[in-house]
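Here is the structure we will look at.
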Amino acid sequence: MKFTCKCGSANGTTLLKALHCILPPTCPTDKPLCLPLQDVYKTGGVGTVPVDQVETGVLKPGMVVTFAPVNVTTEVKSVEMHRESKSIPGDDVGFNVKNLFVEDVHCVNVAGDSKNDPPREEAGFTAQVIILNHPGQFSAGYVPVLDWHTVHIACKFAELREKIDCSYGEKLEDGPKFLKSGDTAINDIVQEKLMCVESFSDYPPLGDVAVHEMR
């Protein structure tokens, strides 16, 4: 797109042309299904309907899905979307499942394809943590609240493995005695209850959590 400057001289790329050069993010339909539940409803004439947003993969009728960490497997009878027979990442969807009661699954569960890397429960995980705002310092054994999608449970920093430079990823200290605001560290975290957690590199929506003080 050419442009003319009426006062003085100017050259370069127009804003519109620069915007056209931005590549849209790819839709991870090639990954296994990942759908953290927001809620579960019982609908008259339909049955049990879990709802939330598809994060990766494709959800369609006839699929056999597994819910973790409850380890319940069932078949998808229908996808409750207007004029759509399947759901892709970014779609908010409800889906009807066979032979399942509302009490069998919960809003903290994750649904996935039972035949392709199904979700599984974990008692703990290792995470890179950036401390943004803490009034003092804390050491191993610190117990904050962990937030992940609709999950809100207590967790414990079981081990402070190493302190790192968040800009370059370089190790600064092995086994730090404490951490404070501004620090970035690799830590072993154990949650109060089983939950579904995946590697951030494989499933970013399931590998990102937040922790905060209990009060």
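No gaps in the numbering here: position 18 of the sequence shown is 52 in the working numbering, and each next residue is one more.
Quick reminder that beta carbons are idealized off the backbone N, C-alpha and C, glycines included.
- In angstroms, rounded to a whole number, what distance separates the CA positions of T59 and V139? Within the sequence shown, numbered from 1, the residue matching residue 59 stands at position 25. Within the sequence shown, numbered from 1, the residue matching residue 139 stands at position 105. Here residue 59 turns out to be Pro, not Thr, going by the sequence shown. One C-alpha to the other measures close to 32 Å.
- Task: Just tell me which of L194, D126, P169 and E114 has its CA closest to the CA of Q72.
- Result: Residue numbering aside, residue 72 sits at position 38 when the sequence shown is read from its first letter. Answer by Cα proximity: D126.
- Item | Where D147 falls, given that 16 or more other Cβ within 10 Å makes a residue buried | Here residue 147 refers to the residue found at position 113 when the sequence shown is read from its first residue. That one is buried.
- Can you give me the Cβ contacts of P210 inside the same chain, cut-off strictly under 6 Å, excluding the 5 residues immediately before and after it? Looking up residue 210 in the sequence shown gives position 176. So the list reads L194 and K197, once near-sequence residues are dropped.
- Message: If you reduce the DSSP assignment to three classes, tell me which class P239 lands in.
- Response: If you number the sequence shown from 1, residue 239 lands on position 205. P239 falls in the helix class under three-state DSSP.
- Item | Cα-Cα separation between E204 and T160, rounded to whole angstroms | Here residue 204 refers to the residue found at position 170 when the sequence shown is read from its first residue. Here residue 160 refers to the residue found at position 126 when the sequence shown is read from its first residue. Using only the alpha carbons, I get a separation of about 17 Å.
- Message: So the candidates are L134, I122 and E156; which of them puts its Cα closest to the Cα of T82?
- Response: Your numbering for residue 82 matches position 48 in the sequence shown. Nearest of L134, I122 and E156 to T82, Cα basis: L134.
- Message: Taking the alpha carbon of V74 as the reference point, which residue from L53, V142 and V92 has its own alpha carbon closest?
- Response: Counting from 1 along the sequence shown, the entry for residue 74 is found at position 40. Nearest option by C-alpha distance: V142.
- Whole-angstrom C-beta distance between S215 and H168, which should lie under 8 Å: Locating residue 168 in the sequence shown gives position 134, counting from the first residue. Locating residue 215 in the sequence shown gives position 181, counting from the first residue. Your pair H168 and S215 checks out as a contact, with CB atoms roughly 5 Å apart and the cut at 8 Å.
- Task: Compare the beta carbon distance of L240 and V113 with 8 Å and say whether it is the shorter of the two.
- Result: Here residue 240 refers to the residue found at position 206 of the sequence shown. Here residue 113 refers to the residue found at position 79 of the sequence shown. It is not a contact, given that the beta carbons lie outside the stated cut-off.
- In its own chain, which residues sit with a C-beta less than 6 Å from the C-beta of V80, not counting the 5 before and 5 after it? Here residue 80 refers to the residue found at position 46 when the sequence shown is read from its first residue. Result list for V80: N130, in chain order.
- In chain order, what residues of the same chain have a beta carbon less than 7 Å from the beta carbon of D242, not counting five sequence neighbours either side? By 1-based counting over the sequence shown, the position of residue 242 is 208. Within the same chain, D242 has close Cβ partners F234.
- Once you ignore the five residues that flank M229 on each side, which residues in its own chain have a CB closer than 8 Å to its CB? Locating residue 229 in the sequence shown gives position 195, where the first residue counts as 1. Cβ neighbours of M229 beyond the five flanking positions: P103, V142, E155, E156, W182, V185 and I187.
- Message: For N221, list the residues DSSP reports as bridge partners.
- Response: To locate residue 221, count along the sequence shown from 1; it is residue 187. DSSP output for N221 lists A161 and L194 as bridge partner(s).
- Among all the DSSP beta bridges, which residues are the ones paired with N130? Indexing the sequence shown from 1 puts residue 130 at position 96. Per DSSP, S112.
- Message: Rounded to whole angstroms, what is the Cα-Cα separation between L166 and V88?
- Response: The residue you call residue 166 lines up with position 132 of the sequence shown. The residue you call residue 88 lines up with position 54 of the sequence shown. Cα-Cα distance, rounded: 29 Å.
- Looking at C-alpha atoms only, which residue of I223, F191 and A219 is the closest neighbour of Y202? Here residue 202 corresponds to residue number 168 of the sequence shown, with the count starting at 1. Among I223, F191 and A219, the Cα nearest to that of Y202 belongs to A219.
- Message: Taking 6 Å as the limit between beta carbons, can you name the residues of its chain near F101, skipping five residues before and five after?
- Response: Taking the first residue of the sequence shown as 1, we reach residue 101 at position 67. Here the set comprises V139, N143 and A145.
- Message: Using 8 Å for Cβ pairs, my map puts L93 next to K120. What's the rounded Cβ distance?
- Response: Here residue 93 refers to the residue found at position 59 of the sequence shown. Here residue 120 refers to the residue found at position 86 of the sequence shown. Contact holds; Cβ gap of about 6 Å.
- Task: Evaluate D86 with the Cβ neighbour count: other Cβ atoms within 10 Å of its Cβ, from every protein chain shown; 16 or more gives buried, anything less gives exposed.
- Result: Position 52 of the sequence shown, counting from 1, holds the residue named residue 86. The C-beta of D86 has 16 or more other C-beta atoms within 10 Å across all chains shown, which makes the residue buried.
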